[in-house]
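Engineer: Numbering (full-length UniProt numbering), first residue to last: 1 to 330. The beta carbon of each residue, even a glycine, is placed where N, CA and C say it ideally should be. Predicted model, so just to flag it, every value in this text is computed and none were measured. Please see the structure below; I have some questions.
What follows is the structure in structure tokens.
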């Protein structure tokens, strides 16, 4: 098995390198270990607006990126180690997804960590989740990847993935909230005092299960990863435009009055908007509502459209900042 490291903490590059490796015409199995710096990774078929507390994410400078596999939304930081296994598909054999987490379970067991692969995509420790996994078939190769919570900031995890479900009605798939724990809490500090020691022990455990050839990503993979990073994983179209349709409703009380906003969003664009409240506007709201239709559901784009209007005519002393906060802050 070939072992690769991305040598990057950028989630857009790491996901791009993973996809490039899956498209690599390589007969051997591939294993990758990598880390992301403060990122929320959204499942391929999920609605980011439903899964993420964007106010907390912005305040904590947490990046949002959509991955190519299904499953739930996860939080990554430098206390989290991500792994990827890529192998050719044998279409003559039935694929048993329940066995894909066994190699990681066995490696952790070799390290003295009594992890257990269970359910459709979890690895647990003392009944709590330490890893969630997902899969994708692409270019006749199977990608199986997941997370390992070693010493992640669980308070940040809970804050950025905590939203009010009553505010959004979505056709996307919701994440399953599980009790989670860090591996570090279950091992002696002398054994794995930090991420570096845990990382190296994991490589050693896999090398005991079979030959492991360490190599740097070849230049053609790096070039392809950079291309995918720029054209896919860094783009608004991929990260937000691919989201399932949803309806957002919110109301807030400001010094200038109560403001209620309802919007429909499809492919990341506002398709309908309704505004009401007891604010002291002077003209009908049609032009304001129409200014938002067709606009990206993101604060910068909405702010640009609002700047073309004399906003006090429509919503009195409610400010542009108030209006935008009602659209995004719950």
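If I'm right that residue 109 touches residue 117 with Cβ under 8 Å, what's the distance once you round it to whole angstroms?
Structural biologist: Here residue 109 refers to the residue found at position 109 when the chain shown is read from its first residue. Here residue 117 refers to the residue found at position 117 when the chain shown is read from its first residue. Not quite, the Cβ-Cβ distance comes to about 10 Å (not below 8 Å), so this is no contact.
Engineer: Just verifying my parser: in three-state terms, what is the DSSP assignment at residue 312?
Structural biologist: As a working note, residue 312 is residue 312 in the chain shown. In this structure, residue 312 counts as helix in the three-state DSSP scheme.
Engineer: Taking only three categories from DSSP, how would you classify residue 332?
Structural biologist: Because the chain in this structure spans residues 1 to 330, residue 332 falls outside the shown range and cannot be described.
Engineer: Whole angstroms is fine: what's the gap from residue 21's alpha carbon to residue 221's?
Structural biologist: On the chain shown, position 21 is the one that residue 21 refers to. On the chain shown, position 221 is the one that residue 221 refers to. When rounded, the distance between both Cα atoms is 7 Å.
Engineer: When DSSP builds the beta bridges, which residues end up paired with residue 276?
Structural biologist: Here residue 276 refers to the residue found at position 276 when the chain shown is read from its first residue. BP columns for residue 276 point to 260.
Engineer: Smallest Cα separation from residue 42: which of 19, 75 and 32?
Structural biologist: Position 42 of the chain shown, counted from the first residue, corresponds to residue 42. The shortest C-alpha separation from residue 42 is found at 75.
Engineer: Should residue 27 go down as buried or exposed, given a rule of 16 or more other Cβ atoms within 10 Å for buried?
Structural biologist: The residue given as residue 27 occupies position 27 in the chain shown. Label assigned to residue 27: exposed.
Engineer: At which residues does the alpha helix (DSSP H) containing residue 220 begin and terminate?
Structural biologist: Residue 220 sits at position 220 when you count from the first residue of the chain shown. Per DSSP, residue 220 belongs to the alpha helix (DSSP H) from 219-228.
Engineer: Give a yes or no on contact between the stretch 222-232 and the stretch 132-143, applying the rule of three or more CB pairs nearer than 8 Å.
Structural biologist: With a cut-off of 8 Å, the stretch 132-143 and the stretch 222-232 do not count as touching, because too few Cβ pairs lie within range.
Engineer: Among all the DSSP beta bridges, which residues are the ones paired with residue 42?
Structural biologist: The residue you call residue 42 lines up with position 42 of the chain shown. Paired residues: 66.
Engineer: What first and last residue would you give for the beta strand (DSSP E) that runs through residue 5?
Structural biologist: Reading the chain shown from its first residue, position 5 is the one you call residue 5. Element bounds for residue 5: 2-5.
Engineer: For residue 135, which residues does DSSP report across the bridge?
Structural biologist: Here the question's residue 135 lines up with position 135 in the chain shown. DSSP lists 144 as partners of residue 135.
Engineer: Less than 7 Å between the beta carbons of residue 291 and residue 305, yes or no?
Structural biologist: One-based indexing of the chain shown puts residue 291 at position 291. One-based indexing of the chain shown puts residue 305 at position 305. The answer is yes: Cβ separation under 7 Å.
Engineer: Helix, strand or coil, according to DSSP, for residue 348 in the structure here?
Structural biologist: Any answer about residue 348 is impossible in this case: the structure gives the chain only from 1 up to 330.
Engineer: Taking the continuous beta strand (DSSP E) assigned at residue 195, which residues delimit it?
Structural biologist: The count along the chain shown starts at 1 and reaches residue 195 at position 195. Here residue 195 belongs to no beta strand (DSSP E); instead the alpha helix (DSSP H) covers 195-209.
Engineer: What did DSSP end up calling residue 325 once you bin it into helix, strand or coil?
Structural biologist: Here the question's residue 325 lines up with position 325 in the chain shown. Looking at residue 325 - three-state DSSP - the assignment turns out to be helix.
Engineer: With respect to the alpha helix (DSSP H) encompassing residue 290, which residues constitute its N-terminal and C-terminal limits?
Structural biologist: What you label residue 290 is simply residue 290 of the chain shown in a count that begins at 1. It spans 286-292 - the alpha helix (DSSP H) in which residue 290 sits, taken as one unbroken run.
Engineer: Tell me whether the beta-carbon of residue 144 lies closer than 7 Å to the beta-carbon of residue 240.
Structural biologist: As a position in the chain shown, residue 144 is number 144, starting the count at 1. As a position in the chain shown, residue 240 is number 240, starting the count at 1. Their beta carbons are not under 7 Å apart, which means residue 144 does not touch residue 240 by this criterion.
Engineer: Check whether the stretch 187-196 touches the stretch 85-103, taking contact to mean three or more Cβ pairs, one atom from each stretch, closer than 8 Å.
Structural biologist: With a cut-off of 8 Å, the stretch 85-103 and the stretch 187-196 do not count as touching, because too few Cβ pairs lie within range.
Engineer: Rounded C-beta distance between residue 113 and residue 30? I'm assuming under 8 Å.
Structural biologist: One-based indexing of the chain shown puts residue 113 at position 113. One-based indexing of the chain shown puts residue 30 at position 30. Not really, about 24 Å apart at Cβ, beyond 8 Å.
Engineer: Do you know offhand how far residue 315's Cα is from residue 280's?
Structural biologist: Counting from 1 along the chain shown, the entry for residue 315 is found at position 315. Counting from 1 along the chain shown, the entry for residue 280 is found at position 280. Approximately 6 Å, taken between the alpha carbons.
Engineer: Alpha carbon to alpha carbon, how far is residue 293 from residue 159?
Structural biologist: To locate residue 293, count along the chain shown from 1; it is residue 293. To locate residue 159, count along the chain shown from 1; it is residue 159. Rounded to whole angstroms, residue 293 to residue 159 spans 31 Å at the Cα level.
Engineer: If you run the structure through DSSP and keep just helix, strand and coil, what is residue 101?
Structural biologist: What you label residue 101 is simply residue 101 of the chain shown in a count that begins at 1. Coil.
Engineer: State the Cα-Cα distance for the pair residue 105 and residue 123, rounded to the nearest angstrom.
Structural biologist: Along the chain shown, read from residue 1 onward, the residue named residue 105 stands at position 105. Along the chain shown, read from residue 1 onward, the residue named residue 123 stands at position 123. Those two C-alpha atoms are separated by around 7 Å.
Engineer: Spatial neighbours of residue 299 within its chain, please: CB distance less than 7 Å, with the 5 preceding and 5 following residues excluded, ordered by chain position.
Structural biologist: Residue 299 sits at position 299 when you count from the first residue of the chain shown. The residues are 324 and 328.
Engineer: Output yes or no for whether 7 Å exceeds the beta carbon distance between residue 270 and residue 295.
Structural biologist: Translated into positions along the chain shown, residue 270 becomes position 270. Translated into positions along the chain shown, residue 295 becomes position 295. Yes, Cβ-Cβ distance for residue 270 and residue 295 is below 7 Å.
Engineer: Have a look at residue 66 and residue 187 and give me their C-alpha separation to the nearest angstrom.
Structural biologist: In the chain shown, counting from the first residue as 1, residue 66 sits at position 66. In the chain shown, counting from the first residue as 1, residue 187 sits at position 187. When rounded, the distance between both Cα atoms is 32 Å.
Engineer: Taking Cβ to Cβ, would you say residue 318 is nearer than 7 Å to residue 259?
Structural biologist: Along the chain shown, one-based indexing puts residue 318 at 318. Along the chain shown, one-based indexing puts residue 259 at 259. Closer than 7 Å, so yes.
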